[in-house]
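For reference, the structure is listed below as structure tokens.
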Amino acid sequence: MRRGRCGTVLDNVSVSLRAGELVGLLGLNGAGKSTLLRILLGLLKPDRGHVLLEGKPLGAYSASSVAQQLAYVPQSHTAAFPYSVRRMVELGRVPHTGLGSALRAEDHAAVDHAMARLGLQEMAERPVTQLSGGERQRVVLARALAQEAKALLLDEPMTGLDYGHQLRLMSLLGEFAAEGRLILLTSHRPEELFAPASRVLVLDDGHIVADGLPQNVVTAEHMSRLYGVSLKQVDHEGSRFFTMEK
Ligand SMILES: Nc1ncnc2c1ncn2[C@@H]1O[C@H](COP(=O)(O)OP(=O)(O)OP(=O)(O)O)[C@@H](O)[C@H]1O
Numbered sequence: 469m470r471r472g473r474c475g476t477v478l479d480n481v482s483v484s485l486r487a488g489e490l491v492g493l494l495g496l497n498g499a500g501k502s503t504l505l506r507i508l509l510g511l512l513k514p515d516r517g518h519v520l521l522e523g524k525p526l527g528a529y530s531a532s533s534v535a536q537q538l539a540y541v542p543q544s545h546t547a548a549f550p551y552s553v554r555r556m557v558e559l560g561r562v563p564h565t566g567l568g569s570a571l572r573a574e575d576h577a578a579v580d581h582a583m584a585r586l587g588l589q590e591m592a593e594r595p596v597t598q599l600s601g602g603e604r605q606r607v608v609l610a611r612a613l614a615q616e617a618k619a620l621l622l623d624e625p626m627t628g629l630d631y632g633h634q635l636r637l638m639s640l641l642g643e644f645a646a647e648g649r650l651i652l653l654t655s656h657r658p659e660e661l662f663a664p665a666s667r668v669l670v671l672d673d674g675h676i677v678a679d680g681l682p683q684n685v686v687t688a689e690h691m692s693r694l695y696g697v698s699l700k701q702v703d704h705e706g707s708r709f710f711t712m713e714k
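For the sequence shown, the positions run 469 to 714 when the numbering used here is used.
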């Protein structure tokens with residue numbers, strides 16, 4: 469449970485997430501999706517309850533040990549310093565190297581790999597303060613990938629990305645899950661979760677009101693009720709689309 473200025477945000481939420489899952493988290497604005505992610509990461513403390521990582525309380529781990537296991541892509545980020553793109557991505561290695569230590573060959577390899585996956589090589593030396601919103605988002609994603617954590621928690625990661633980069637990112641997240649990592653992402657687009665997600669959670673009024681396979685959760689019935697609009701679903705070649713009923 470977490471209390472905000474406006475009362476209880478999450479109440480009696482219990483969720484168990486496993487390696488290899490690609491989990492989508494849906495909910496209205498203000499439903500508590502970011503709050504849940506931040507609690508799972510140990511950035512917010514619940515008033516009651518606890519978070520276990522591999523069976524041990526999160527608080528039993530050091531900050532760098534948590535960061536080696538959990539990577540986070542926040543919903544919004546500002547670039548305060550004109551670091552180069554490469555330097556920003558290198559910060560993803562701090563949990564492995566410690567602050568101020570030189571990067572080893574394996575760290576450079578992880579940074580190069582993450583930058584290549586996000587198509588950032590061409591802009592490696594550009595200051596992040598001069599990037600567009602979508603370019604900066606790709607840098608933050610690359611930094612999280614370079615962290616090589618077992619779980620990646622992403623808060624609306626598609627925001628600001630052009631369509632091609634959205635599709636490439638979703639495919640990349642699918643590959644990571646297939647490699648045995650846990651991917652948890654929040655989204656406002658049920659359709660984008662339908663094919664790639666192995667599981668979808670719906671947060672409403674502080675509770676998880678649906679948790680299951682996308683085929684069973686991302687339905688016209690559930691989505692109409694959640695979003696308060698009358699939707700019709702159309703399935704086509706493994707994808708599901710929604711249109712508003714007239
Ligand atoms: N720092 C804060 N202090 C007090 N209340 C907060 C704070 N941050 C968020 N809240 C409140 O907690 C509730 C959940 O917010 P949260 O950001 O988790 O929602 P969300 O589901 O991620 O929303 P969105 O889809 O709009 O990003 C909201 O009512 C919000 O107003």
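Ideal Cβ positions, reconstructed from N, Cα and C, are used throughout, including at glycine.
C-beta atoms of residue i and residue j nearer than 8 Å
| i | j | result |
| --- | --- | --- |
| V557 | V541 | no |
| L526 | V519 | yes |
| E489 | L650 | yes |
| V481 | L504 | yes |
| R667 | V477 | no |
| H633 | G602 | yes |
| Q543 | S502 | yes |
Residues near residue i by beta carbon distance below 6 Å, same chain, minus five either side
| i | result |
| --- | --- |
| E616 | A578 |
| A610 | V557, A582, M583, L586, L588 |
| R572 | none |
| R473 | Caution applies to R473, whose pLDDT of 48 falls short of 50 and renders its modelled position unreliable; the model cannot decide the point. |
| G628 | G601, G602, Q605 |
| L635 | none |
| G475 | none |
Among the options, the one whose alpha carbon lies nearest that of residue i
| i | options | result |
| --- | --- | --- |
| A614 | P525, D515, A539, R604 | A539 |
| R693 | V491, D479, G495 | G495 |
| N684 | Y551, A665, V697, A487 | A665 |
| P550 | R506, S544, L599, R561 | L599 |
| E593 | R667, L641, R554, S484 | R554 |
| T546 | G475, L635, Q605 | Q605 |
| S707 | E689, F662, S569, L571 | F662 |
| G648 | S552, Y529, A548, K618 | K618 |
| G560 | E522, A487, A612 | A612 |
| L485 | L629, P595, A645, P563 | A645 |
| Y695 | H704, M712, E705 | M712 |
| L567 | S639, S552, V596, A531 | A531 |
According to DSSP, residues forming a beta bridge with residue i
| i | result |
| --- | --- |
| V720 | For residue 720 there is no data in the structure shown, the boundaries of the chain being 469 and 714. |
| L681 | Per DSSP, none; premise fails for L681. |
| T654 | L493 |
| P525 | L520 |
| A538 | The sequence given here has Leu at residue 538, not Ala. Partner(s): A619. |
| S666 | Partner(s): none; S666 has no beta bridge. |
| S552 | P595 |
| D672 | H675 |
Neighbourhood of residue i by C-beta distance below 7 Å, restricted to the same chain and skipping five residues each side
| i | result |
| --- | --- |
| P625 | V541, L609, L637, L653 |
| L508 | V519, L621 |
| D575 | R561, H564, T565 |
| D630 | G602 |
| K714 | none |
| G642 | L490, P664 |
| G500 | V477, L478, L671, G674 |
| L640 | R585 |
| A548 | none |
Chain-order list of residues whose beta-carbon lies under 8 Å from that of residue i (same chain, five-residue window excluded)
| i | result |
| --- | --- |
| F710 | P658, E659, A688, M691, L699, K700, Q701, V702 |
| D679 | V483, R667, V668, L669, V670, V685 |
| S655 | G492, L493, L494, E624, M626, L661 |
| S552 | A592, E593, R594, P595, V596 |
| V607 | V553, M556, V557, L586, L588, V596, L599 |
Any non-hydrogen atom of ligand 2 within 7 Å of residue i CB
| i | result |
| --- | --- |
| A499 | The model depicted lacks ligand 2 and carries ligand 1 instead. |
Short CB-CB distance (under 8 Å) between residue i and chain C
| i | result |
| --- | --- |
| G674 | Considering every chain present, this structure includes no chain C. It has just one protein chain. |
Should the segment 671–682 be regarded as contacting the segment 488–503, the criterion being three or more beta carbon pairs within less than 8 Å? yes
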